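Colleague:
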Amino acid sequence: MSSLSISDDLTLTDEIPIKLNGKNYLEWNEKVEAVLKARNLLEFVEKIFDPEPYASESDRAQNIESEKFRRWFVQDQMLRTWLLSSMRKDLASLMTGCQYSWQVWETVKELFHSHLAVRVWQLRSELGTIRKGNLSVSEYVGKIQSIVDSLAETGNPVSEEDHVEAVLAGLPREFDSVVKMARMLEGLTPIAVSNIETWCLVLEEKYTSEYRHVDGGGGPSTQDDEPSCSPECSTAERGRGSRRRKGHGRGGRHRGRN
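Right, here's the structure in full:
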């Protein structure tokens, strides 16, 4: 637990319930910044107030620091210690060369902003290439949801529209009827991921039931259930529709099925 007294009437005690651990930078930054704002301490980490160590050239020559600087330095070192105590030990050790609190703040920001940029790129790439394959519908939708949640945690939420597109893009041909249904409804009514999942689950259950009653192996025919569509048509339908509804900028969990 961390406790910090910046002045006679200011004490920070257990203000941060979490420690920076490499995966929770955004949450940590939000909580720390809120405390600094509430205590009027942002000037320390943003280097708004940076007093001269010496009041005159004569004092500089004699290495006599001003009272104002000494008071500032003591307060800054207390804040620096408090910031380091809010981090996991291995991360705090990376701040060894940071003499002032603003240096700690900037080092953490640079370290995690570059890390976040790479993480966001990886997640976006994964979202754009994920395919259902042999996964069940629930597993497939859940895997995409996990990626969407991770992007939201990095401060890059996925809109409902892009979420839907990711699900549709990775469906195999036996779910072409779902893709076609979604394309037909584009621009007419909002389509949620829960809608797509429900339609896919209905087809999955139907196919599973048919497999149980078909002898000799091989999958059931889907000609009576899916729209007749050439490979070219199917490819076109899987691309983004010409009539697009606006995304809602939503990240996190999709709505439950009705």
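To convert, note that position 237 of the sequence shown is 260 in the working numbering; the numbers rise steadily by one, no gaps. Using N, Cα and C, we set each Cβ at its ideal position, and we do this for glycine too. These numbers were taken from a predicted model, which means no experiment stands behind them.
(1) Using the Cβ count rule (16 or more neighbours within 10 Å means buried), how would you classify A84?
(2) Hey, T39 and K60: beta-carbon distance below 8 Å or not?
(3) Could you tell me which whole alpha helix (DSSP H) segments of length 4 or greater appear in the segment 43 to 112?
(4) When we look at the beta-carbon of P180 and count the other beta-carbons within 10 Å, is it buried (16 or more) or exposed?
(5) So, helix, strand or coil for Q122, using DSSP?
(6) Three-state secondary structure (DSSP) at N179?
(7) Between which two residues does the alpha helix (DSSP H) containing R206 stretch?
(8) Should I41 go down as buried or exposed, given a rule of 16 or more other Cβ atoms within 10 Å for buried?
(9) Rounded to the nearest angstrom, what separates G193 and D113 at their Cα positions?
(10) Going by beta carbon distance, what residues of the same chain come within less than 8 Å of L43, once the five residues before and after it are set aside?
(11) Under the three-state reduction of DSSP, which class applies to N218: helix, strand or coil?
(12) Here's the rule: buried if 16 or more other CB atoms are within 10 angstroms of the residue's CB, otherwise exposed. What is E305?
(13) Alpha carbon to alpha carbon, what distance is there between N157 and Y123?
(14) What's the gap between the Cα of P76 and the Cα of V97?
(15) Pull up the distance between the alpha-carbon of G45 and that of R154, whole angstroms please.
(16) Would you mind stating whether C143 and L174 have Cβ atoms separated by less than 8 Å?
(17) Confirm the yes/no value for this check: CB of S217, any heavy atom of the ligand ADP, distance under 7 Å.
(18) Shortest alpha-carbon distance to S200 belongs to which of S182, L146, T212, E227?
(19) If I measure Cβ to Cβ from L150 and keep anything under 6 Å in the same chain, skipping five residues before and after, which residues do I get?
Modeller: Let me lay it out:
(1) If you number the sequence shown from 1, residue 84 lands on position 61. So A84 ends up on the exposed side.
(2) By one-based count along the sequence shown, residue 39 stands at place 16. By one-based count along the sequence shown, residue 60 stands at place 37. Checking the displayed sequence, the identity of residue 39 turns out to be Ile instead of Thr. No, the Cβ-Cβ distance between I39 and K60 is not below 8 Å.
(3) 48 to 61, 65 to 68, 80 to 84, 90 to 108
(4) Reading the sequence shown from its first residue, position 157 is the one you call residue 180. Buried: at least 16 other Cβ atoms inside 10 Å.
(5) Within the sequence shown, the letter at position 99 stands for residue 122. Correct three-state label for Q122: coil.
(6) Taking the first residue of the sequence shown as position 1, residue 179 is located at position 156. Here N179 sits in coil by DSSP.
(7) Residue mapping note: residue 206 aligns to position 183 of the sequence shown, counting from 1. Where R206 is concerned, the enclosing alpha helix (DSSP H) stretches over 199 to 208.
(8) As a working note, residue 41 is residue 18 in the sequence shown. Label assigned to I41: exposed.
(9) Taking the first residue of the sequence shown as position 1, residue 193 is located at position 170. Taking the first residue of the sequence shown as position 1, residue 113 is located at position 90. Computed Cα separation, rounded: 40 Å.
(10) Position 20 of the sequence shown, counted from the start, is the residue given in the question as residue 43. W51, S109, M110, R111, L114, V131.
(11) Here the question's residue 218 lines up with position 195 in the sequence shown. Helix, per DSSP.
(12) Beyond the ends of the chain as shown, which are 24 and 281, falls residue 305; an answer cannot be given.
(13) Residue mapping note: residue 123 aligns to position 100 of the sequence shown, counting from 1. Residue mapping note: residue 157 aligns to position 134 of the sequence shown, counting from 1. Taking the straight line from one Cα to the other gives about 54 Å.
(14) Here residue 76 refers to the residue found at position 53 of the sequence shown. Here residue 97 refers to the residue found at position 74 of the sequence shown. Their backbone Cα atoms lie some 13 Å apart in a straight line.
(15) Counting from 1 along the sequence shown, the entry for residue 45 is found at position 22. Counting from 1 along the sequence shown, the entry for residue 154 is found at position 131. Taking the straight line from one Cα to the other gives about 29 Å.
(16) Walking along the sequence shown from the start, residue 143 turns up at place 120. Walking along the sequence shown from the start, residue 174 turns up at place 151. With the sequence shown as reference, residue 143 is identified as Val, and Cys is not the correct amino acid for it. The answer is yes: Cβ separation under 8 Å.
(17) Within the structure as shown, the ligand ADP is missing, as the structure has no ligands at all.
(18) Residue numbering aside, residue 200 sits at position 177 when the sequence shown is read from its first letter. Residue E227 is the option with its Cα nearest to S200.
(19) Here the question's residue 150 lines up with position 127 in the sequence shown. Contacts found: I170, A189.
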